[in-house]
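In numbering that gives the first Met the number 0, the protein residues as written are 0 to 277.
Virtual Cβ for every residue (Gly too), placed ideally from N, Cα, C.
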Amino acid sequence: MQKDQFFTRRRMLLAGAAAVGAAGTAGVVLAGGTEETARIPAAPAPGPQARQALKPSAFRLQPLTGYGPPRPAPRKLKVRTEPILKISGRGRHMMLTFDDGPNPEYTPHILDTLARYDVRAMFFLCGECVVDNRELVARMADEGHVVGNHTWTHPLLTTLNRRQIRDEMERTSDAIEDSYGERPQWFRAPYGAWNRAAFQLGAEMGMEPMAWTVDTTDWMTPGTSTIIDRVESGAAPGVVVLSHDAGGDRSQTVHAIREWLPHLLDSGYHMTVPRRRT
Ligand SMILES: [Zn+2]
0 MQKDQFFTRR
10 RMLLAGAAAV
20 GAAGTAGVVL
30 AGGTEETARI
40 PAAPAPGPQA
50 RQALKPSAFR
60 LQPLTGYGPP
70 RPAPRKLKVR
80 TEPILKISGR
90 GRHMMLTFDD
100 GPNPEYTPHI
110 LDTLARYDVR
120 AMFFLCGECV
130 VDNRELVARM
140 ADEGHVVGNH
150 TWTHPLLTTL
160 NRRQIRDEME
170 RTSDAIEDSY
180 GERPQWFRAP
190 YGAWNRAAFQ
200 LGAEMGMEPM
210 AWTVDTTDWM
220 TPGTSTIIDR
230 VESGAAPGVV
240 VLSHDAGGDR
250 SQTVHAIREW
260 LPHLLDSGYH
270 MTVPRRRT
């Protein structure tokens with residue numbers, strides 16, 4: 000399975016790059032982020048105030064349909080032609096992202112480690128995992144993490160038509176809203192394979208496209224020490240780190256973050272998530 004996954008991922012990365020040209024590789028290189036990142040202020044990781052602002056419990060008290068206020072239309076965003084690769088801000092800020100979950104076996108350990116060090120992260124969730132693990136999404140809300148949309152079934156978007164892509168994205172935002180308390184403001188294309196429809200639909204739904212700067216390559220299960228090396232050697236101001244809390248055996252990811260997170264914090268890095276728009 001791991002082998003299959005490796006070849007599938009590799010093939011899809013190549014397919015994505017071919018489909019969108021230079022933008023398809025943008026997610027795996029550190030380049031061209033100045034104009035893009037200027038729009039993403041790095042805020043201090045939200046503390047108790049942000050948790051209060053989320054009010055997940057209050058949300059759950061509202062009727063699901065019919066009686067509540069109409070859902071506000073998402074704020075339409077400028078359509079980008081390549082995803083955001085870095086965050087901006089003064090000082091040694093980095094952002095941690097975890098894809099493909101939530102997963103009942105691995106996500107709780109990662110949340111425990113983040114809580115231990117009082118760090119907030121961004122989780123790119125797949126809708127089909129959200130509906131099976133709603134309590135983990137609620138925990139992310141309670142603990143101040145930001146969640147993003149990573150489609151329902153994790154398909155290669157460049158093989159789907161526009162209606163299929165919209166369906167993948169909309170259903171996932173609906174499921175996230177039900178469990179997290181608000182719709183996601185961030186989208187990440189599976190395999191980093193972006194296309195024009197993904198950028199257009201994301202902007203229409205009020206979601207910015209977020210890629211990454213440093214891939215831990217944990218999806219290849221290269222060994223815990225290799226993952227630690229990747230993160231620590233890639234650490235720099237503005238870096239967005241890609242890890243996975245689902246999609247395979249993620250015990251290496253779970254063990255690695257227990258090592259590299261305290262190391263980076265000791266080195267003076269601050270782990271941040273984007274400031275909320277509302
Ligand atoms: Zn993914």
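- Below 8 Å, too few C-beta pairs join the stretch 221-239 and the stretch 179-197 to call them touching: fewer than three.
- E104 sits exposed, since fewer than 16 C-beta atoms from the chains shown fall within 10 Å of its C-beta.
- Distance from the CA atom of G126 to the CA atom of R133, rounded to whole angstroms, is 10 Å.
- CA-CA distance, M121 to G205, rounds to 17 Å.
- Annotated three-state conformation of G147 is strand, per DSSP.
- At a threshold of 7 Å, P101 does not count as near ligand 1, since its beta carbon sits no closer than that to any of the ligand's heavy atoms.
- When DSSP states are grouped into helix, strand and coil, T106 belongs to the helix group.
- At a Cβ-Cβ threshold of 8 Å, I256 and T112 count as neighbours.
- CA-CA distance, L110 to R162, rounds to 34 Å.
- Contact check for A192 and L155: beta-carbon distance about 6 Å, within the 8 Å limit, so the pair qualifies.
- Rounded to whole angstroms, the separation of the alpha carbons of W218 and R249 is 8 Å.
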